[in-house]
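*Asks:* Taking the numbering used here, the leading residue of the sequence shown gets 749, the next gets one more, and so forth.
The C-beta atom is built at its ideal place from N, Cα and C for all residues, glycine as well.
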Amino acid sequence: MALIRQSDLSDATGDEVSGFTLEIGGAVYDIDLTEKEYKEYLEFTGRYVAVARKREQPEQTQIPVARGAAAKKDQGDGYSAEFKQAVRAWALETGAEVDGKPISERGRIGAGFIRQYEAHMRAEAAKADEAAGEEEETQDA
Numbered sequence: 749m750a751l752i753r754q755s756d757l758s759d760a761t762g763d764e765v766s767g768f769t770l771e772i773g774g775a776v777y778d779i780d781l782t783e784k785e786y787k788e789y790l791e792f793t794g795r796y797v798a799v800a801r802k803r804e805q806p807e808q809t810q811i812p813v814a815r816g817a818a819a820k821k822d823q824g825d826g827y828s829a830e831f832k833q834a835v836r837a838w839a840l841e842t843g844a845e846v847d848g849k850p851i852s853e854r855g856r857i858g859a860g861f862i863r864q865y866e867a868h869m870r871a872e873a874a875k876a877d878e879a880a881g882e883e884e885e886t887q888d889a
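1) To the nearest angstrom, how far is the alpha carbon of Lys-821 from that of Glu-885?
2) Taking the beta strand (DSSP E) that Leu-770 belongs to, which residues open and close that run?
3) The alpha helix (DSSP H) spanning Ala-839 covers which residue range?
4) May I have the straight-line CA-CA distance separating Ala-876 from Gly-762, to the nearest angstrom?
5) Taking its Cβ as the centre, do 16 or more other Cβ atoms sit within 10 Å of Ala-817, making it buried, or is it exposed?
6) Per DSSP, what are the beta-bridge partners of Glu-845 in this structure?
7) Round the Cβ separation of Pro-834 and Leu-790 to the nearest angstrom and send it over; I've been treating them as touching at under 8 angstroms.
8) Would DSSP call Leu-751 helix, strand or coil?
9) Does the distance from the CB of Ile-857 to the CB of Arg-836 come in under 8 angstroms?
10) From the DSSP secondary-structure annotation, give me the bridge partner or partners of Leu-781.
11) Quick one: Cα of Ser-766 to Cα of Lys-832, how far?
12) For Gly-773 and Glu-872, which I take to be in contact (beta-carbon distance under 8 angstroms), what is that distance rounded to the nearest angstrom?
13) What whole-angstrom Cβ distance do Ala-839 and Tyr-865 have, given they're in contact under 8 angstroms?
14) From Asp-778 to Thr-769, what distance separates their C-alpha atoms?
15) By how many angstroms is the C-alpha of Ala-798 removed from the C-alpha of Val-846?
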C-alpha cells in the first residue's frame, strides 16, 4: 500500500507534496505542502529569518546506535532542514555559484552558499522595510 501525501493547505496530492516540520513559539508542527506552497512560506518568512538571531542548540547526549541502523545523521551545523532546503532552492533558482561552481541538488551545502543566501535575505528584508516606510510616508502626507 503506497502512502499518498495530501497538502494540508490546498488538498493537492502527488509527488509534489512533501512533509515539513515547523517550530513556532516553542511548539513543533508537521505540515504537508506542495513545493509551490512551501516556496511561498519561505518567501513570506524569509525576511524574518534573515534578521533573527540564531539560537545555539544545547549539546545533546549521544545515544549509541546499532551498526546498520537507518537513521538520518544530523550534520551538526546548527541549521534546520527547512533553512537548508530554502538555501538550496534559492541557489538553484538564481544560479548562485561559489568558486565558479553551482550548488549540487543533493548533499552538503557549502558555507559560501549560506552566506550568499543570508545576504540576499537581509537585502530583501531591507527592501521590504524601505517600501513599508515609503508607504507610511505616503499615508501621512
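*Replies:* On the basis of the coordinates in this document:
1) On the sequence shown, position 73 is the one that residue 821 refers to. On the sequence shown, position 137 is the one that residue 885 refers to. Bear in mind that the predicted position of Lys-821 carries a pLDDT of just 43, short of 50, making it unreliable; the figure below should be weighed with that in mind. Distance between Lys-821 and Glu-885, taken at the CA atoms: about 50 angstroms.
2) Residue mapping note: residue 770 aligns to position 22 of the sequence shown, counting from 1. 765-772 is the extent of the beta strand (DSSP E) around Leu-770.
3) Position 91 of the sequence shown, counting from 1, holds the residue named residue 839. Run containing Ala-839: 829-842, per the alpha helix (DSSP H) assignment.
4) Taking the first residue of the sequence shown as position 1, residue 876 is located at position 128. Taking the first residue of the sequence shown as position 1, residue 762 is located at position 14. If you draw a straight line from the Cα of Ala-876 to the Cα of Gly-762, it comes to about 34 angstroms.
5) Within the sequence shown, the letter at position 69 stands for residue 817. Confidence at Ala-817 is low in this model, with a pLDDT of 37, below 50, so its placement is unreliable and no value can be given for it.
6) Against the sequence shown, residue 845 aligns to sequence position 97. For Glu-845, which the question treats as bridged, DSSP gives the partners Pro-850.
7) Numbered from 1 along the sequence shown, position 86 holds the residue referred to as residue 834. Numbered from 1 along the sequence shown, position 42 holds the residue referred to as residue 790. Inspection of the sequence shows that residue 834 is occupied by Ala rather than by Pro. Right, their Cβ atoms sit about 5 angstroms apart.
8) By 1-based counting over the sequence shown, the position of residue 751 is 3. Three-state result, Leu-751: coil.
9) Here residue 857 refers to the residue found at position 109 of the sequence shown. Here residue 836 refers to the residue found at position 88 of the sequence shown. A contact, by the Cβ cut-off of 8 angstroms.
10) On the sequence shown, residue 781 is found 33 positions in, with the first residue counted as 1. According to the DSSP secondary-structure assignment, Leu-781 is paired through a beta bridge with Ser-766.
11) As a first step, residue 766 must be located in the sequence shown, where it is residue number 18. As a first step, residue 832 must be located in the sequence shown, where it is residue number 84. As the crow flies, the alpha-carbon of Ser-766 is around 15 angstroms from that of Lys-832.
12) To locate residue 773, count along the sequence shown from 1; it is residue 25. To locate residue 872, count along the sequence shown from 1; it is residue 124. Not confirmed; about 24 angstroms, so no contact.
13) Taking the sequence shown and counting its residues from 1, one reaches residue 839 at position 91. Taking the sequence shown and counting its residues from 1, one reaches residue 865 at position 117. That belief holds up - the Cβ atoms of Ala-839 and Tyr-865 are roughly 7 angstroms apart, short of 8 angstroms.
14) Position 30 of the sequence shown, counted from the first residue, corresponds to residue 778. Position 21 of the sequence shown, counted from the first residue, corresponds to residue 769. Rounded to whole angstroms, Asp-778 to Thr-769 spans 5 angstroms at the Cα level.
15) Along the sequence shown, read from residue 1 onward, the residue named residue 846 stands at position 98. Along the sequence shown, read from residue 1 onward, the residue named residue 798 stands at position 50. One C-alpha to the other measures close to 20 angstroms.
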